[in-house]
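1 is the number of the first residue of the sequence shown in full-length UniProt numbering; add one for each residue after it.
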Amino acid sequence: MQPIVRSVFHAPSHTFSYVVWDAATRRAAIIDPVLDYDPHSGRSGTQTAEQLIAVVEAEGLRVDWLLETHAHADHVSALAFLKARFDASTAIGERITEVQARFARLFNLGEDFATDGRQFDHCFADEETFALGDLPAQVFHTPGHTSDHITYVIGDAVFVGDTLFMPDAGTARCDFPAGSARDLYRSIHRLFAALDDDQRVFLLHDYGTDTREPACQTTIGEQRQANIHVAEGVSEDDYVAMREARDATLPMPVLILPAVQVNIRAGHFPPAESNGLRYLKIPLDEFGAHWQPREH
């Protein structure tokens, strides 16, 4: 029950995307694909996503699923680009509808923008199961970083998105709208209780340290024993106090405003306007340096 996993690293956002497949059937999924985007020029590119395509072609794979762990705030999704390339189903967690509704209001997307998740082919419920070839797969709703966040367990491989970082880096921020440090602690400990120590954990982000390069793989056991934020013995209240104090010092992610507008659309850019151009909106004077919208 061990899938083959290959990662592609997007250095500007320190993001790992994955191609995962069943060796017996060559059926595959691509998880959290990145579209290149330059916030200075507004130019997009597909170089990183094409590396994922190259893995698929070199290995002779059939892509069945294009999967997102959540609506990312730090990179633009390549879901739509890959959907045009592969006859595959796009999917995310069912609580994407909450995120769509929240940001539809912020960006004034109007009544034509659907907030029922229809932009994706499937919205997974908590504990829903599916298959990747002959491999069993299951979804865990793991809120905290965001309210829509899910984790994919495919065979022995666990794709945690922004739920966990490498053990020496701890956990992700929880200060986005509807994020919750308490929820994240409980989500992580739910995974610890449900999964075996030797199950492989594949991370969405890593920034490296002074002594190591960025890495993307660890295990449940290593996380349980050595994660500097949530290892066994760290209480929920202590974690929440630490996480909330740390988050209060963090600036807004550079790409959050452009990225969310694309990612709630399953990787599609907004429709072209009357001049044939597409635009991303930046709400003025809505936020301070920290990710806290002003009250209306």
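All residues carry an ideal CB built from backbone N, CA and C; glycine is no exception.
Report the CB separation of residue i from residue j in whole angstroms; it is logged as a contact under 8 Å.
{"i": "residue 81", "j": "residue 35", "result": "6 Å"}
{"i": "residue 223", "j": "residue 164", "result": "6 Å"}
{"i": "residue 151", "j": "residue 203", "result": "Incorrect: roughly 11 Å between the Cβ atoms, too far for contact."}
{"i": "residue 253", "j": "residue 134", "result": "So it is not a contact: roughly 38 Å between Cβ atoms."}
{"i": "residue 93", "j": "residue 145", "result": "Actually they do not touch by this definition, with Cβ atoms about 12 Å apart."}
{"i": "residue 305", "j": "residue 29", "result": "Since the first residue of the chain shown is 1 and the last is 296, residue 305 is not available in this structure."}
{"i": "residue 147", "j": "residue 99", "result": "7 Å"}
{"i": "residue 140", "j": "residue 126", "result": "7 Å"}
{"i": "residue 236", "j": "residue 182", "result": "7 Å"}
Looking only at DSSP bridge pairs, what is residue i linked to?
{"i": "residue 31", "result": "18, 67"}
{"i": "residue 123", "result": "92"}
{"i": "residue 150", "result": "141"}
{"i": "residue 217", "result": "202"}
{"i": "residue 4", "result": "21"}
{"i": "residue 103", "result": "BP columns for residue 103 are empty, so no partner."}
{"i": "residue 297", "result": "Any question about residue 297 goes unanswered here, given that the chain covers just 1 to 296."}
Taking 9 Å as the threshold (C-beta atoms), are residue j and residue i in contact?
{"i": "residue 27", "j": "residue 64", "result": "yes"}
{"i": "residue 19", "j": "residue 59", "result": "yes"}
{"i": "residue 269", "j": "residue 260", "result": "no"}
{"i": "residue 154", "j": "residue 178", "result": "no"}
{"i": "residue 106", "j": "residue 286", "result": "yes"}
{"i": "residue 47", "j": "residue 264", "result": "no"}
{"i": "residue 17", "j": "residue 78", "result": "yes"}
{"i": "residue 255", "j": "residue 39", "result": "yes"}
{"i": "residue 243", "j": "residue 185", "result": "yes"}
{"i": "residue 207", "j": "residue 14", "result": "yes"}
{"i": "residue 280", "j": "residue 110", "result": "no"}
{"i": "residue 171", "j": "residue 230", "result": "yes"}
Go through its chain and collect everything with a Cβ distance to residue i's Cβ below 7 Å, but skip five positions before and after it.
{"i": "residue 200", "result": "156, 157, 158, 217, 219"}
{"i": "residue 167", "result": "218, 222, 223, 226, 227, 228"}
{"i": "residue 266", "result": "79, 80, 90, 119, 120"}
{"i": "residue 214", "result": "9, 14, 206, 207, 208"}
{"i": "residue 187", "result": "142, 143, 144, 163"}
{"i": "residue 198", "result": "219, 221"}
Leaving out the 5 sequence neighbours to the left and right, which residues in its chain are closer than 6 Å to residue i when beta-carbon positions are compared?
{"i": "residue 257", "result": "282"}
{"i": "residue 117", "result": "96, 97, 123"}
{"i": "residue 57", "result": "none"}
{"i": "residue 4", "result": "21, 23"}
{"i": "residue 2", "result": "155, 156"}
{"i": "residue 129", "result": "138"}
Secondary structure at residue i, three-state DSSP: helix, strand or coil?
{"i": "residue 37", "result": "strand"}
{"i": "residue 61", "result": "coil"}
{"i": "residue 136", "result": "strand"}
{"i": "residue 256", "result": "helix"}
{"i": "residue 233", "result": "coil"}
{"i": "residue 55", "result": "helix"}
{"i": "residue 43", "result": "strand"}
{"i": "residue 86", "result": "coil"}
{"i": "residue 77", "result": "strand"}
{"i": "residue 192", "result": "helix"}
{"i": "residue 262", "result": "helix"}
{"i": "residue 272", "result": "coil"}
{"i": "residue 97", "result": "helix"}
Near residue i, which residues of its chain fall below 8 Å by C-beta distance, leaving aside the five closest residues on each side in sequence?
{"i": "residue 160", "result": "69, 142, 151, 191, 201, 202, 203, 204"}
{"i": "residue 313", "result": "Coverage of the chain is limited to positions 1 through 296, which leaves residue 313 absent and any answer about it impossible."}
{"i": "residue 66", "result": "29, 30, 33, 79, 82, 83, 86, 88, 89, 90, 91"}
{"i": "residue 115", "result": "97, 100, 101, 104"}
{"i": "residue 51", "result": "8"}
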